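Peer 1:
Number of protein chains: 2
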Amino acid sequence: MSNKKSSREKILEAATELFHLKGYHATGLSQIIQESGAPKGSLYYHFPNGKEQLAVEAINLSATRIAAEIKQNLAVYEDPVKAFQYHIESISSIFHSIEPISNLKNVPMGLLAMETAFVNENLRQACEETFELWGNLYFEKLRSSGYSEERAFLISKTLSALIEGAITLCITKKSSEHLIHINKMIPLLLTK
Amino acid sequence: MSNKKSSREKILEAATELFHLKGYHATGLSQIIQESGAPKGSLYYHFPNGKEQLAVEAINLSATRIAAEIKQNLAVYEDPVKAFQYHIESISSIFHSIEPISNLKNVPMGLLAMETAFVNENLRQACEETFELWGNLYFEKLRSSGYSEERAFLISKTLSALIEGAITLCITKKSSEHLIHINKMIPLLLTK
DNA sequence: GTCTATAGGCAGATAGAC
DNA sequence: GTCTATCTGCCTATAGAC
Numbered sequence: 000m001s002n003k004k005s006s007r008e009k010i011l012e013a014a015t016e017l018f019h020l021k022g023y024h025a026t027g028l029s030q031i032i033q034e035s036g037a038p039k040g041s042l043y044y045h046f047p048n049g050k051e052q053l054a055v056e057a058i059n060l061s062a063t064r065i066a067a068e069i070k071q072n073l074a075v076y077e078d079p080v081k082a083f084q085y086h087i088e089s090i091s092s093i094f095h096s097i098e099p100i101s102n103l104k105n106v107p108m109g110l111l112a113m114e115t116a117f118v119n120e121n122l123r124q125a126c127e128e129t130f131e132l133w134g135n136l137y138f139e140k141l142r143s144s145g146y147s148e149e150r151a152f153l154i155s156k157t158l159s160a161l162i163e164g165a166i167t168l169c170i171t172k173k174s175s176e177h178l179i180h181i182n183k184m185i186p187l188l189l190t191k
Numbered sequence: 000m001s002n003k004k005s006s007r008e009k010i011l012e013a014a015t016e017l018f019h020l021k022g023y024h025a026t027g028l029s030q031i032i033q034e035s036g037a038p039k040g041s042l043y044y045h046f047p048n049g050k051e052q053l054a055v056e057a058i059n060l061s062a063t064r065i066a067a068e069i070k071q072n073l074a075v076y077e078d079p080v081k082a083f084q085y086h087i088e089s090i091s092s093i094f095h096s097i098e099p100i101s102n103l104k105n106v107p108m109g110l111l112a113m114e115t116a117f118v119n120e121n122l123r124q125a126c127e128e129t130f131e132l133w134g135n136l137y138f139e140k141l142r143s144s145g146y147s148e149e150r151a152f153l154i155s156k157t158l159s160a161l162i163e164g165a166i167t168l169c170i171t172k173k174s175s176e177h178l179i180h181i182n183k184m185i186p187l188l189l190t191k
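Top line first, the protein sequences correspond to chains U and G.
Position one of the first sequence corresponds to residue 0 (numbering that gives the first Met the number 0), numbered consecutively onward.
Position one of the second sequence corresponds to residue 0 (numbering that gives the first Met the number 0), numbered consecutively onward.
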């Protein structure tokens, strides 16, 4: 109930932002502490397993947050085409703000995923489960909109790849362009 | 004409593989030298600007290589649907081999792109141009298959995102699954 | 072209006082 | 819960000999 976030929360929050933005290897623990404003000595108290634990929790945190956002976005319209277009627009709006960096907190899971895939099995698994979770939400929306299991499966997999790839390209270009383009293909893609 | 690669080539080769596989920040110059088998003292002779120069050249190298492969793959079939499906299959075949890691040399440009987007403008630009180059090849194939400029533009952008995203998911899962799924959607996606 | 030696910094992690 | 001090190791980069 306290208004101020606990040190643990502040550290995890800063870590989540930095990991998703700069990546795992480019982010130092010292920077996390600094940006969090938390006491310097508290990191290893709250996260005894250090950097890896911090990253796992960061992945899980934004996995849950984004999942909630996906659910919310897809529920705005009953029509699946409109719903997914709304969702993609909502992602692309991040790039419109003047300072997109601070808003990109959770979005680019792909960075952490590729960085760790061959290097750290725990982190790789956390990322894999995250993508699975998000894809399942797409699947459910399609199922409840009357798509057959086969179609829903295929389309949800395609949407997962398409959105993740478009985010990659948007970050590279520092522009929402690509997400806006793919949005025009959603009606065709969602053919029953 | 010499059979042995020059030291410069060997270093660049090793750097290209490691950067694309583990990423920019997780790859040390010492490891590059070690894997290349090149003389230890030669790195800064051939690449006076150190790690950044090495990375720019690595990006350009695999940009060119993949571009050649894309051209080749898309030329196998005249029918664009078959051509793109062949191309995607050819990418996915990388994941089938017993030791996929060594074959992933150039594929995951997205890793380098996201790692450097907010951190190093030179590298970011090199990645942006690479994506542009590959996308243009998709566009040309569609144009020469009779697609309108608008359609070709939209579809090529979609294909770029879709393929890049599917690669991300395949690497995360260490499986070719996702690329195979999206391949089934190509006919629908290429609707004129 | 290649080598050694080394600077100088920062990384992640631990021990022990408070 | 938090702090300071410190260890160990790796990193990029440079200087100067061969």
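Just so it is clear, CB atoms sit at the ideal spot from N, CA and C, and this is done for glycine as well.
Note that the coordinates shown come from a computational prediction; the quantities given were computed from them, not determined experimentally.
1) Taking the alpha-carbon positions, what's the G/K81 to G/N135 distance?
2) How do the segment 65-75 of chain G and the segment 158-177 of chain G stand: do at least 3 beta-carbon pairs fall below 8 Å, yes or no?
3) How long is the line joining the alpha carbons of U/E149 and U/F138, rounded to whole angstroms?
4) Is DSSP giving U/S155 helix, strand or coil here?
5) Roughly how many whole angstroms lie between the Cα atoms of G/T190 and U/T190?
6) So for G/F46, helix, strand or coil by DSSP?
7) Select from G/I31, G/I170, G/I166, G/Y76 the residue whose C-alpha is nearest the C-alpha of U/V118.
8) Distance check for U/T157 and U/A112, CA to CA, integer angstroms please.
9) Whole angstroms are fine: how far does the CA of G/Y146 sit from the CA of U/A206?
10) Assuming G/V80 is part of the alpha helix (DSSP H), what are its boundary residues?
11) Once you ignore the five residues that flank U/K9 on each side, which residues in its own chain have a CB closer than 7 Å to its CB?
12) Note the first and the last residue of the continuous alpha helix (DSSP H) segment covering G/S35.
13) For a cutoff of 8 Å on Cβ pairs, would you count U/V118 as touching chain G?
14) Is U/S41 near U/S91, with beta carbons less than 8 Å apart?
15) G/K21 to G/E176, Cα distance in whole Å?
16) What three-state label does DSSP hand G/T269 in the structure shown?
17) Over what stretch of residues does the alpha helix (DSSP H) that includes U/H177 continue unbroken?
18) Can you list the residues of chain G that U/F130 reaches, using a CB-CB cut of under 7 Å?
19) Quick one: what does DSSP say G/S6 is sitting in, helix, strand or coil?
20) Mapping DSSP to helix, strand and coil, what is U/Y76?
21) Alpha helix (DSSP H) containing G/K39: first to last residue?
22) On a CA-only basis, which of G/H24, G/K104, G/L188 is nearest G/E51? Give me that one, please.
23) Roughly how many angstroms separate the alpha carbons of G/N59 and G/E127, rounded to a whole number?
24) When DSSP labels each residue in this structure, what does G/L60 get in the three-state scheme?
25) Near U/I185, which residues of its chain fall below 8 Å by C-beta distance, leaving aside the five closest residues on each side in sequence?
26) Per DSSP, what kind of secondary structure is G/L168 in: helix, strand or coil?
27) So, helix, strand or coil for U/S1, using DSSP?
Peer 2: Per the coordinate set shown:
1) Taking the first residue of the second sequence as 1, we reach residue 81 of chain G at position 82. Taking the first residue of the second sequence as 1, we reach residue 135 of chain G at position 136. Using only the alpha carbons, I get a separation of about 18 Å.
2) no
3) Looking up residue 149 of chain U in the first sequence gives position 150. Looking up residue 138 of chain U in the first sequence gives position 139. Distance between the alpha carbons of U/E149 and U/F138: 10 Å.
4) Taking the first sequence and counting its residues from 1, one reaches residue 155 of chain U at position 156. Helix, per DSSP.
5) The residue you call residue 190 of chain G lines up with position 191 of the second sequence. The residue you call residue 190 of chain U lines up with position 191 of the first sequence. Taking the straight line from one Cα to the other gives about 12 Å.
6) For the purposes of this step, residue 46 of chain G is identified with residue 47 of the second sequence, where counting begins at 1. Looking at G/F46 - three-state DSSP - the assignment turns out to be coil, as it is neither helix nor strand.
7) Reading the first sequence from its first residue, position 119 is the one you call residue 118 of chain U. The shortest C-alpha separation from U/V118 is found at G/I170.
8) One-based indexing of the first sequence puts residue 112 of chain U at position 113. One-based indexing of the first sequence puts residue 157 of chain U at position 158. Near 18 Å, if we compare the C-alpha coordinates of U/T157 and U/A112.
9) No statement about residue 206 of chain U is possible, as the shown extent of chain U runs from 0 to 191 and does not include it.
10) Position 81 of the second sequence holds residue 80 of chain G. G/V80 -> alpha helix (DSSP H) spans 79-91.
11) Taking the first sequence and counting its residues from 1, one reaches residue 9 of chain U at position 10. S35, G36, A37.
12) Numbered from its first residue, the second sequence carries residue 35 of chain G at position 36. That run of the alpha helix (DSSP H) goes 28-35.
13) Here residue 118 of chain U refers to the residue found at position 119 when the first sequence is read from its first residue. True, the Cβ-Cβ gap to chain G drops below 8 Å.
14) Walking along the first sequence from the start, residue 41 of chain U turns up at place 42. Walking along the first sequence from the start, residue 91 of chain U turns up at place 92. Their beta carbons are not under 8 Å apart, which means U/S41 does not touch U/S91 by this criterion.
15) Sequence index remark: in the second sequence, residue 21 of chain G carries index 22 (1-based). Sequence index remark: in the second sequence, residue 176 of chain G carries index 177 (1-based). Between G/K21 and G/E176, the C-alpha separation is close to 22 Å.
16) This structure leaves residue 269 of chain G out entirely; chain G is present only between 0 and 191.
17) As a first step, residue 177 of chain U is located in the first sequence; it is residue number 178 there, counting from the start. Unbroken alpha helix (DSSP H) run through U/H177: 176-182.
18) Looking up residue 130 of chain U in the first sequence gives position 131. Neighbours of U/F130 on chain G, chain order: L168, T171.
19) Taking the second sequence and counting its residues from 1, the one referred to as residue 6 of chain G is at position 7. Note: G/S6 maps to helix in three-state DSSP.
20) The residue labelled residue 76 of chain U in the question sits at position 77 within the first sequence. U/Y76 falls in the coil class under three-state DSSP.
21) Start at 1 with the first residue of the second sequence, and residue 39 of chain G comes out as number 40. Segment: none, G/K39 is in no alpha helix (DSSP H) and carries neither H nor E.
22) Here residue 51 of chain G refers to the residue found at position 52 of the second sequence. Between G/E51 and the set G/H24, G/K104, G/L188, the nearest pair of CA atoms involves G/H24.
23) Taking the first residue of the second sequence as position 1, residue 59 of chain G is located at position 60. Taking the first residue of the second sequence as position 1, residue 127 of chain G is located at position 128. Going by the C-alpha atoms only, they are around 11 Å apart.
24) The sequence position of residue 60 of chain G within the second sequence is 61, counting from 1. Reduced to three states, the DSSP call for G/L60 is helix.
25) Here residue 185 of chain U corresponds to residue number 186 of the first sequence, with the count starting at 1. Shown here for U/I185: same chain residues with a beta carbon closer than 8 Å to its own, the five before and five after excluded, namely V80, F83, Q84, I87 in chain order.
26) Numbered from its first residue, the second sequence carries residue 168 of chain G at position 169. Assigned with DSSP and collapsed to three states, G/L168 falls in helix.
27) Here the question's residue 1 of chain U lines up with position 2 in the first sequence. Confidence at U/S1 is low in this model, with a pLDDT of 43, below 50, so the placement of that residue should be treated as unreliable; the coordinate-derived value is given next. Under the three-state reduction of DSSP output, U/S1 falls in the coil class, being neither helix nor strand.
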